[in-house]
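Report on one structure; see the data block that follows.
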Amino acid sequence: MTACVGNPGEDLEGPTLPEIPDGFVLVPSGAFFKSDGKAVITFKVYSDKQDVTADARIYKETSSGVERMESAEFRTTEVGSYTFFATYKGMTTDKIKISATAGDFPPLPEDAQPEKFNGFKHRVVATQFTGTGCGYCPNAISAISKFKESEHAGKMLFAAIHSYSSDDPMSNDDAFVLARRMSISSYPSIVLNLNSKNLLTSLNASAFYTQMVAGMEGFLREEARCGISASVSKNESSINLSAKVKVGESGSYHIAAWLLEDGIKASQANQTSVSMDLSTHNNALRSASATSAAAGVLLGDKETTEAGTEVEFHHEFSLRNVANIQKCHVLVIVSRKTDEYRNPIADNAIDCPVDASVAFEYE
């Protein structure tokens, strides 16, 4: 389950409400909470910033229609996404969604410069489309290994999408969705910053490396419009992500989180001259946070996020495809819409290991 914006609804002594929007609105105390029957979401209804909750009616959508809420509080023991709206004097609010999850979300690290909304450390995302049955994929694997050992290490984050064939032990539905989304037709391929116009494909190891460096340097000439912090925790049934995004420039942003795993043992076909050990696979995509695996979801569920805004994001990953939870990490990517490209392009990203945190980083 995914939820955006807001604070956990677990503070029963009075959660902090977000800033009241203009117009007639239904405002929840949070957009995610734990489905333990104790955590509570409290609703307020405002008309031109006046609290009219006592006189308004709040409704919850159900599979058979809608039902009126008996109070302005909501608890549940059922994991899922819930939709609400309110009416008052002939007016109806926009619908809002609340997510109830089974997991506990970890606290975010402290921001060393809370007033700063620029100068974020900038990283590029390289999405590697590969497969254990792909005889020429070692060219890309070798180039990525060389990059990680070079002076450029840390400037680009990698995800391995095993979409070459379904008999690959690291293939999954999200991998195939990503390959279709990026219009991948040949292997190996590497896409930079989630945009298929930045496609490197069918190259030898040296050419892959050279073009990755050139592409990275081109992207890093521009400042990142946003910064990201995150914390990742685990329990017996899930890996849980808390993330926060600081937006430095107004625009339309999306956020996606990918669960990656390292150290997976599997034989690799090799029809190249690459002679390195190819039996250990890293950064393998295990799960994505949204059905639109590349772009993810709108940041804060808003078409436009204003500069100077902070937005929280939370996701609970299933362990269904995971072999070793200790070798997992989460890649968080924020993309933005531009006039140049039809689809969002990655603006910034961070990679956070399980049971660790990454604070906002500034240049």
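Residue 895 is where the sequence shown starts when you use our numbering, and the numbers rise one by one after that.
In this text, a Cβ means the ideal position worked out from N, Cα and C, and glycines have one as well.
Proximal residues to residue i (C-beta, below 8 angstroms), its chain only, five neighbours per side dropped
| i | result |
| --- | --- |
| THR987 | PHE918, VAL919, LEU920, VAL939, PHE979, ALA980, THR981 |
| GLY1048 | ARG1017 |
Own chain, CB closer than 7 angstroms to residue i, minus 5 neighbours either side, in chain order
| i | result |
| --- | --- |
| PRO1192 | Note on identity: in this sequence residue 1192 is Leu, with Pro being the wrong assignment. For LEU1192, where only same-chain residues beyond five positions count, the Cβ hits under 7 angstroms are HIS1148. |
| PRO1230 | With the sequence shown as reference, residue 1230 is identified as Arg, and Pro is not the correct amino acid for it. So the qualifying residues of the chain are ARG1119, GLY1145, SER1146, TYR1147, PRO1238, ILE1239, ASP1241. |
| PRO1247 | VAL1126, HIS1223 |
| ASN1092 | VAL1085, LEU1086, GLY1109 |
| ALA1250 | VAL1126 |
| LYS1159 | SER1173, THR1174 |
| THR936 | PRO909, SER923, ALA966, GLU967 |
Burial state of residue i (16 or more Cβ within 10 Å)
| i | result |
| --- | --- |
| LYS928 | buried |
| PRO1008 | exposed |
| ALA1124 | buried |
| ALA1037 | buried |
| GLU1210 | buried |
| PRO915 | exposed |
| GLU907 | Unreliable positioning characterises GLU907 in this predicted model, as indicated by a pLDDT of 32, which lies under 50. The coordinate reading is nonetheless provided below. It is exposed - the Cβ of GLU907 has fewer than 16 other Cβ atoms within 10 Å. |
| GLY924 | buried |
| GLY959 | exposed |
| ASN1066 | buried |
Which of helix, strand or coil DSSP assigns to residue i
| i | result |
| --- | --- |
| TYR976 | strand |
| ARG1230 | strand |
| ASP1245 | strand |
| GLY948 | One point to set straight first is that residue 948 is Ala, not Gly, in the sequence displayed. Three-state DSSP puts ALA948 in a helix. |
| GLY1194 | helix |
| PRO922 | strand |
| VAL1019 | strand |
| ASN1237 | coil |
| SER1212 | strand |
| ASN1033 | helix |
| SER1261 | What is shown of the chain runs 895 to 1257, which leaves residue 1261 out entirely. |
| PHE1041 | helix |
| VAL1260 | Residue numbering for the chain in the displayed model covers 895 to 1257; residue 1260 lies beyond these limits and cannot be assessed. |
| LYS989 | coil |
| LEU1154 | strand |
| LEU1002 | coil |
| LEU1051 | strand |
| LYS1159 | strand |
Inter-residue spacing [alpha-carbon to alpha-carbon] between residue i and residue j
| i | j | result |
| --- | --- | --- |
| VAL1107 | GLU961 | 56 angstroms |
| GLY1013 | ASP1005 | 14 angstroms |
| PRO1001 | LYS1138 | 11 angstroms |
| PHE1072 | GLU967 | The sequence given here has Leu at residue 1072, not Phe. Going by the C-alpha atoms only, they are around 39 angstroms apart. |
| THR1199 | ILE1122 | 15 angstroms |
| LEU1153 | VAL1252 | 15 angstroms |
| GLY1112 | LEU1051 | 15 angstroms |
| THR995 | ALA1201 | 30 angstroms |
| GLU1130 | ARG1115 | 43 angstroms |
| MET1064 | LYS983 | 55 angstroms |
| VAL1226 | LEU1213 | 18 angstroms |
| ILE992 | SER965 | 16 angstroms |
| TYR1030 | SER1169 | 12 angstroms |
| ALA1182 | HIS1208 | 13 angstroms |
| ALA1150 | ILE1133 | 15 angstroms |
| GLU1045 | SER1059 | 34 angstroms |
| ALA1101 | LYS1040 | 12 angstroms |
Cut-off 6 angstroms between Cβ atoms - residues of its own chain near residue i, not counting five sequence neighbours on either side
| i | result |
| --- | --- |
| ASN1176 | ASP1156 |
| MET985 | PHE918 |
| THR1203 | VAL1141 |
| ASN1098 | ASN1033 |
| ALA1054 | GLN1022, THR1024, ASN1177, ALA1178 |
| SER1077 | SER1090 |
Original post:
Which whole runs of the beta strand (DSSP E) in the segment 1092–1118 are 3 residues long or more, in chain order?
Top reply: 1093–1095
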